[in-house]
Each structure stands twice: as structure tokens, then as C-alpha cells.
Amino acid sequence: MRIWRVIESILLWPGRKVVERFPGLGAEERRLLYHMVNYIVWLSLFVAFVIWLVITYPPV
Numbered sequence: 018m019r020i021w022r023v024i025e026s027i028l029l030w031p032g033r034k035v036v037e038r039f040p041g042l043g044a045e046e047r048r049l050l051y052h053m054v055n056y057i058v059w060l061s062l063f064v065a066f067v068i069w070l071v072i073t074y075p076p077v
């Protein structure tokens with residue numbers, strides 16, 4: 018069970034770091050910012066990886 022906690026903390030790290038910089042936000046704003054940052058960071062990394070794959074190994 019411990020390994021899943023480590024994976025979860027790695028995946029949710031970007032959102033936590035950004036939310037720490039805005040201490041004056043309310044609970045809803047913090048939660049929204051937290052989820053938006055995690056979504057944008059991991060989606061952009063995934064898209065960059067897919068683009069890299071298409072460039073490196075072009076479809077036939």
C-alpha cells in the first residue's frame with residue numbers, strides 16, 4: 018500500500034506547490050487551483066510525449 022502513496026504524492030506534487038504560494042485563498046479556490054494545475058501539468062507532459070513519439074516514429 019505504501020508504493021501507491023508515493024506514486025500519489027509524486028502525481029499531486031505540482032498542484033500542492035502552487036497552492037502553497039497563495040495562502041489567502043478559500044477552500045474552494047484552493048481545491049480548484051490544485052486540480053487545474055495538476056490537470057494542466059500532466060496533460061501537457063502527455064501531449065509533449067505523444068508529439069515526440071510521432072516525430073521520432075512517424076506513422077507509416
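Letter by letter, the sequence shown follows residues 18 to 77 of this note's numbering. Virtual Cβ for every residue (Gly too), placed ideally from N, Cα, C. Small disclaimer: the values here were computed from a predicted structure and weren't measured.
Could you check if GLY41 is buried or exposed, using at least 16 other CB atoms within 10 Å of its CB as the buried criterion?
Counted from its first residue, the sequence shown places residue 41 at position 24. Exposed.
Taking only the alpha-carbon atoms, compute the straight-line gap between PHE63 and ILE57 and give it to the nearest angstrom.
Indexing the sequence shown from 1 puts residue 63 at position 46. Indexing the sequence shown from 1 puts residue 57 at position 40. Rounded to whole angstroms, PHE63 to ILE57 spans 10 Å at the Cα level.
Take HIS52 as the anchor and find which of GLY43, VAL67, ILE72, PRO31 has the nearest alpha-carbon.
For the purposes of this step, residue 52 is taken as residue 35 along the sequence shown, with counting starting at 1. Of the listed residues, the one whose Cα sits closest to HIS52 is PRO31.
Which residues mark the beginning and the end of the alpha helix (DSSP H) in which VAL77 is found?
Residue numbering aside, residue 77 sits at position 60 when the sequence shown is read from its first letter. Segment: none, VAL77 is in no alpha helix (DSSP H) and carries neither H nor E.
Excluding the five sequence neighbours on either side, which residues of its own chain have a C-beta within less than 6 Å of the C-beta of TYR74, listed in chain order?
In the sequence shown, counting from the first residue as 1, residue 74 sits at position 57. Cβ-Cβ distances below 6 Å link TYR74 to nothing in the same chain once the five nearest sequence neighbours on each side are left out.
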